[in-house]
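Below you'll find the structure, written out as structure tokens, and then a few comments.
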Amino acid sequence: MRSTMLLFALLLLVCGSTHAACVDTVVLVHGNTGSPSDFQATHDLLRQRGYSESQIIAPSWGNGLCAACNDHNGSEETPVREAILDALASSCTGKIDVIGHSMGATLAAHEIDVMGAAGSVNTFIGIAGAFHGLWSCGTYPFNVATSTCGAWGLSVNSPLLNGMQGHRFGTKMYSFKSYADEINCYGGVCLVYGVHTSQIQGETASYTFPYGHYGLLWYTATQQVNLL
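If you count by numbering that gives the first Met the number 0, then the sequence shown holds residues 0 to 227, one letter each, in order.
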């Protein structure tokens with residue numbers, strides 16, 4: 000009897016260690032000229048919380064050497080769209096969670112929007128996104144010489160951003176913002192028409208941290224994962 004109980008306990012241990020819990024597959028979308036490794040802290044914490052590697056998808060997108068070349072249209076879209084489709088196809092819950100940083104936040108939101116996938120996204124987190132544009136990019140159609148600041152980019156009042164206002168990118172939407180963000184608050188101005196540019200219209204909640212543009216991603220892994 001004792002040997003039978005020990006064998007049963009061993010089987011439970013083995014099964015528990017080889018089968019991940021049924022959780023939403025998570026898509027992590029890096030920013031302009033970034034890489035999936037920018038989400039290393041988030042990835043590691045997800046693994047500690049029981050997510051398997053197959054439940055974490057982090058696409059690489061854009062020209063990593065030319066920030067001004069990237070926008071939200073064309074080749075930049077493909078890896079992110081495919082990652083979302085792969086996540087939806089593989090998620091055991093039928094839902095996914097999406098976390099984007101900087102331009103990856105607006106790019107992920109755009110893909111969810113054009114795919115009509117918001118109903119399949121349980122949680123969307125935009126970290127240091129410029130959902131209302133960047134004053135450093137000018138006001139469309141003026142002073143938008145680069146792709147990143149053009150019609151498909153992050154100029155204030157760009158057709159891309161205006162077209163996404165008021166749209167949903169998930170059942171729950173959160174923004175992480177900072178007033179010390181050296182990119183989104185270039186020149187010391189974070190607000191666009193009275194709203195912090197990182198906030199998402201219709202969001203569930205917005206969280207403010209004392210970090211810079213990249214610190215908002217690197218130092219908030221616990222807060223990110225706790226929201227999923």
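Cβ coordinates follow ideal geometry from the N, Cα and C atoms, glycine included.
Using 9 Å as the threshold, is the C-beta distance between residue i and residue j below it?
i, j, result
"G169", "A117", "yes"
"S59", "H29", "yes"
"D23", "L227", "yes"
"D70", "S135", "no"
Just mark residue i as buried or exposed, buried being the case when its beta carbon has 16 or more other beta carbons within 10 Å.
i, result
"Q54", "buried"
"N142", "exposed"
"R48", "exposed"
"C91", "exposed"
"A108", "buried"
"M0", "Its pLDDT being 48, under 50, M0 is placed unreliably in this model, and the coordinates cannot settle the point."
"N121", "buried"
"C21", "exposed"
"G149", "buried"
"T17", "Confidence in T17 is poor, its pLDDT being 47 and thus under 50, which makes the residue's placement too unreliable to answer from."
"C189", "buried"
"P209", "exposed"
"G103", "buried"
"G33", "buried"
"E75", "buried"
"L160", "buried"
"N225", "exposed"
"L27", "buried"
"C65", "exposed"
"Y139", "buried"
"Y50", "buried"
"A57", "buried"
"E202", "buried"
"G93", "exposed"
"G61", "buried"
"Q198", "buried"
"G137", "buried"
With distances taken from CA atoms, which of the options is nearest residue i?
i, options, result
"L216", "H42, T24, A20, D23", "H42"
"L133", "E110, V79, N121, T105", "T105"
"K176", "V188, H195, M163", "H195"
"M114", "C68, I83, D96", "I83"
"D37", "T145, A220, K171", "A220"
"V97", "S197, Y173, Y178, G211", "Y173"
"G187", "E81, I126, G211", "G211"
"S205", "G214, Q223, G33, N156", "Q223"
"P251", "K171, E181, H131", "This structure gives no information on residue 251, because the portion of the chain shown stretches from 0 to 227."
"D112", "S74, G162, V155", "G162"
"G214", "I126, L160, C184", "I126"
"E110", "A66, L64, A179, G73", "G73"
"D180", "C68, E202, T207", "T207"
"S119", "Y218, A40, L87", "L87"
"E52", "Q39, G63, N62, G61", "Q39"
"A67", "C184, Q198, L153", "L153"
"R46", "G63, N156, V25", "V25"
For the beta strand (DSSP E) containing residue i, list its first residue and its last residue.
i, result
"S205", "204-207"
"T256", "Since the first and last residues shown for the chain are 0 and 227, residue 256 lies out of range."
The alpha helix (DSSP H) that contains residue i, what's its start and end?
i, result
"W217", "214-217"
"I199", "Careful: I199 lies outside any alpha helix (DSSP H) and carries neither H nor E."
"D43", "39-47"
"T32", "Element bounds for T32: n/a, residue is neither H nor E."
"L84", "76-89"
"T221", "220-225"
I'd like to confirm something about residue i: is its beta-carbon nearer than 8 Å to some heavy atom of the ligand ADP, or not?
i, result
"A150", "Among the ligands in the structure shown, none appear at all, so the ligand ADP cannot be discussed."
Kindly indicate if chain D contains any beta-carbon less than 9 Å away from that of residue i.
i, result
"V79", "No chain D appears in this structure, which consists of one protein chain only."
* Those runs of the beta strand (DSSP E) which lie wholly inside the region 98-175 and span at least 3 residues -> The region 98-175 contains these whole beta strand (DSSP E) runs: 120-126, 133-138.
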